[in-house]
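Per my numbering, the sequence shown starts with residue 146, numbered consecutively. Note that CB positions come from ideal geometry on N, CA and C, so glycine has one too. These numbers come from a predicted model, not from an experiment. Heads up: the structure comes next, in structure tokens.
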Amino acid sequence: MASSSEKSSADWRPKLVLASASPRRLALLQQAGIEPDALLPADVDETPLKSESPRELAKRLAREKAEVARRAARNSEDLKGAFILSADTVVVAGGRILPKAEVMEEAAACLRLLSGRAHRVYTSICLMTPKDSIRERMVETRVRFKRLSRDEFERYLASGEWRGKAGGYAIQGLAGTFVIKLVGSYSNVVGLPLYETVALLDGEGYPVRFSWLNAA
């Protein structure tokens, strides 16, 4: 029979902070069997800089979110030395970076651009380790929407599902019915590419399969 010290050692794992308030990113991590110890969302200005590309924007914002969360974690006794994970997703159509729609007019403008055409979704992942190293990964997915009918357009706007979503839609919701083709990572479009996220954590020594033995 294992001693209490052996058991506590076997049960120990480093802390993980998710620098996001997104329920979608949290749900994706939980899908992979990873439960963050804390959520430390970062309020950063997401306005693109002049001449900033979509990739550069996503990378900068993911890094800024991680840095804000790391500073907050260092002020917490429980979270000192934690892994910090952040991500930022950018949707691009017709060479334009689409906003995270907060009002119906923004969502309507996004849907008009997306209807009947292909667009790209970029997510940058940033992982800051307890040793203060920084690991980043950029993931791109191509998505094509059907041409939306007037009824689909109006009813989707009325649903309110678009609120707070990059590009004004949620692929895991009603807008999944608009997708004709997807090339790349589906979870990337939801907001956190799982393969790349798990690979980053695993590569830095975080026990990503810690809870798998107890999974239902």
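Cβ neighbours of residue i in the same chain (closer than 6 Å, five flanking residues each side left out)
i    : result
S165 : P186
V343 : A177 and V353
Q317 : V335
S356 : G178
Bounding residues of the beta strand (DSSP E) (the contiguous stretch that carries residue i)
i    : result
R265 : A263 to M273
K326 : V324 to V328
E281 : I279 to F290
R241 : R241 to L243
L163 : L161 to L163
D223 : Unbroken run through D223: none, as it is neither H nor E.
Of the listed residues the options, nearest to residue i (C-alpha basis)
i    : options                   : result
V236 : A252, L224, A172 and S221 : A252
V334 : Y340, R295 and T234       : T234
F290 : G329, D182, S278 and R262 : R262
V200 : R169, G240 and N220       : This sequence places Arg at residue 200; Val is not what is there. When each option's Cα is compared against that of R200, the closest is G240.
L230 : L256, P181, S260 and A172 : P181
K326 : E297, S294 and L259       : L259
Nonlocal neighbours in the same chain, by C-beta distance under 8 Å from residue i, ignoring five residues either side
i    : result
F228 : P159, K160, L161, V162, L272, M273, T274, P275, L346, E349 and Y351
7 Å Cβ shell around residue i - same chain, five flanking residues per side excluded
i    : result
S269 : A203, K204, A207, A232, D233, E281 and M283
R170 : L163, A232, G336 and L337
S304 : L319
Residue range of the alpha helix (DSSP H) that includes residue i
i    : result
F298 : R295 to S304
Secondary structure of residue i, DSSP reduced to three states
i    : result
L259 : helix
S332 : helix
Report task. May I ask you to verify whether the stretch 297-312 touches the stretch 188-204, counting CB pairs closer than 8 Å and requiring at least 3? Result -> no
Query raised in the report: At a cut of 8 Å, does the stretch 219-226 reach the stretch 237-256 through at least three beta carbon pairs?
Result: Taking 8 Å as the limit for Cβ pairs, the verdict is that the stretch 237-256 does not touch the stretch 219-226.
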